[in-house]
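In this note's numbering, the protein residues as written are 7 to 87. Using N, Cα and C, we set each Cβ at its ideal position, and we do this for glycine too. What follows is a single structure, written as structure tokens, with notes after it.
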Amino acid sequence: MEYSVQLKNKAKKRILKRLQSLSDGICIALGSRIFDRDTLIRHVRKESEVGKLMIRIETEFLRPEIVDGSDGGATTGSRSG
């Protein structure tokens, strides 16, 4: 599915901001691979296959925000349920 450049750029900025806020020692598993924070930041910036995957996931998360003005599911505080 193709997304607008504006939506992709917004998703990319949000991902980078989120990754940069993580502690240095944090690792994230995507599929069968484990990535440290800085490696993921590089993947997103270069828009490698891993970076594109993260952008696509974030874009899906942002779509409700663009369509109906909601926050895309982002909340502050804890979720119950």
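Could you give the DSSP three-state label for Asp30: helix, strand or coil?
As a working mapping, residue 30 is identified with position 24 in the sequence shown. Coil, per DSSP.
Quick check: what's the CA-CA separation for Ala18 versus Ser38?
For the purposes of this step, residue 18 is identified with residue 12 of the sequence shown, where counting begins at 1. For the purposes of this step, residue 38 is identified with residue 32 of the sequence shown, where counting begins at 1. For the record, residue 18 in the displayed sequence is Lys; it is not Ala. Computed Cα separation, rounded: 23 Å.
Cα-Cα separation between Asp42 and Lys23, rounded to whole angstroms
In the sequence shown, residue 42 corresponds to position 36, counting from 1. In the sequence shown, residue 23 corresponds to position 17, counting from 1. Cα to Cα, the separation comes out at about 15 Å.
On a CA-only basis, which of Gln26, Gln12, Lys14 and Leu13 is nearest Leu46? Give me that one, please.
Here the question's residue 46 lines up with position 40 in the sequence shown. Closest by alpha carbon: Gln26.
Taking the DSSP output, what are the residues bridged to Phe41?
Within the sequence shown, numbered from 1, the residue matching residue 41 stands at position 35. Paired residues: Ile34.
Would you kindly check if the distance between the Cβ of Ile61 and the Cβ of Ile21 is under 8 Å?
As a first step, residue 21 must be located in the sequence shown, where it is residue number 15. As a first step, residue 61 must be located in the sequence shown, where it is residue number 55. Yes; because the gap between Cβ atoms is below 8 Å, this pair is in contact.
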